[in-house]
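Student: Numbering (this note's numbering), first residue to last: 5 to 269.
1. In this structure, what does DSSP give as the bridge partners for residue 164?
2. Going residue by residue through the region 37–122, where are the continuous beta strand (DSSP E) segments of at least 3 residues, counting only ones entirely within it?
3. With DSSP collapsed to three states, give me the class of residue 152.
4. Per DSSP, which residues does residue 231 bridge with? Please list them.
5. Applying the criterion that 16 or more other CB atoms from any shown protein chain within 10 Å of the CB defines a buried residue, is residue 75 buried or exposed?
6. If residue 188 and residue 176 are in contact, beta carbons under 8 Å, what's the gap, nearest whole angstrom?
7. Residues in its own chain within less than 8 Å of residue 117 by CB, not counting five upstream and five downstream?
8. Can you check which of these residues, 195, 207 and 210, is closest to residue 81 by C-alpha distance?
9. Residue range of the beta strand (DSSP E) that residue 134 falls in?
10. Which one or two residues does DSSP pair with residue 211 in a beta bridge?
11. What residue range is occupied by the uninterrupted beta strand (DSSP E) comprising residue 216?
12. Please work out which residues of its chain come closer than 8 Å, Cβ to Cβ, to residue 205, disregarding the five sequence neighbours upstream and downstream, and give them in chain order.
13. Comparing C-alpha positions only, which one of 44, 34 and 215 sits nearest to residue 144?
14. What is the DSSP secondary structure of residue 223, counted as helix, strand or coil?
15. What are the residues that DSSP puts in a beta bridge with residue 145?
16. For residue 22 and residue 147, I'd like the C-alpha separation in whole angstroms.
See the structure below:
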């Protein structure tokens, strides 16, 4: 079932692996944030679709597990309370109070049912009309044990917060109770932490973060995003990138932390 919770209210991309360039990289056109829950029976199709969308180099697709369905009999093992707060914050900014699972927020501005590929593509096309969205050019490189981020001066004269999200690319979960009891569901590009690099004012800017500071457990990738607004009032995505952190990855170039959730209440 579709789970609705009416709780008050991520450029050119090129991947160099072991010094070899991979052909076919393209400029990201959208950041997709899937709000999902292990306790939601209508979420597995969306989780599967998110995994398929994550294979598209023109998309940065991430999963944000929420916790507000935990009372239904199964505590989501990947949920972060800040994800629920971020989803509510989006709904407050939009003014529609639409907080549900599975919900995909496209480029920080539009939401659609997370299992509806056609609606997702339509929303991407809609947000593409705003030239500021995904307009920031960010270079991300991995070298000497550091993740280095450089954002070039923007043409739109906009600014925003720069966030690093360590990810687990694939996490299978055997669900023991609740609506998905007895099923094993795989979650893709799961956000495990939020680290704010700083604020981008529209000018050239750089940041460097030791990978050892955030690459723990199963973390094997990261997303970088520049978002207008604040944690409490998240706005449009100005740039985003997906960065694999495998041992053979030496450099990634693409557009776009205090350790904190993106929104708190």
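Beta carbons are placed, not taken as given, at the ideal position from N, Cα and C, and that holds for glycine.
Tutor: To lay it out plainly:
1. Position 160 of the chain shown, counted from the first residue, corresponds to residue 164. 204, per the DSSP bridge assignment.
2. Counting only runs of 3 or more, we get 63–69, 107–110 and 114–117.
3. Taking the first residue of the chain shown as position 1, residue 152 is located at position 148. Residue 152 sits in a strand when the DSSP states are folded into three classes.
4. The residue you call residue 231 lines up with position 227 of the chain shown. DSSP output for residue 231 lists 165 and 241 as bridge partner(s).
5. Along the chain shown, read from residue 1 onward, the residue named residue 75 stands at position 71. So residue 75 ends up on the exposed side.
6. Translated into the one-based positions of the chain shown, residue 188 becomes position 184. Translated into the one-based positions of the chain shown, residue 176 becomes position 172. That pair is a contact at about 5 Å.
7. Taking the chain shown and counting its residues from 1, one reaches residue 117 at position 113. Correct list, in chain order: 6, 50, 106, 107, 108 and 123.
8. As a working mapping, residue 81 is identified with position 77 in the chain shown. Checking every option, the nearest Cα to that of residue 81 belongs to 195.
9. Along the chain shown, one-based indexing puts residue 134 at 130. No beta strand (DSSP E) contains residue 134, which DSSP labels as neither H nor E.
10. For this step, residue 211 is matched to residue 207 along the chain shown. Residue 211 is bridged to 153.
11. As a position in the chain shown, residue 216 is number 212, starting the count at 1. No beta strand (DSSP E) contains residue 216, which DSSP labels as neither H nor E.
12. Locating residue 205 in the chain shown gives position 201, where the first residue counts as 1. Counting only Cβ-Cβ distances below 8 Å, and skipping sequence neighbours, we find 163.
13. Within the chain shown, numbered from 1, the residue matching residue 144 stands at position 140. Out of 44, 34 and 215, 215 has the C-alpha closest to the C-alpha of residue 144.
14. Residue numbering aside, residue 223 sits at position 219 when the chain shown is read from its first letter. Coil.
15. Here residue 145 corresponds to residue number 141 of the chain shown, with the count starting at 1. Bridge partners of residue 145: 152.
16. Taking the first residue of the chain shown as position 1, residue 22 is located at position 18. Taking the first residue of the chain shown as position 1, residue 147 is located at position 143. For residue 22, the pLDDT reaches just 28, beneath the cut-off of 50, and the residue's location in the model is therefore unreliable, leaving the point undetermined.
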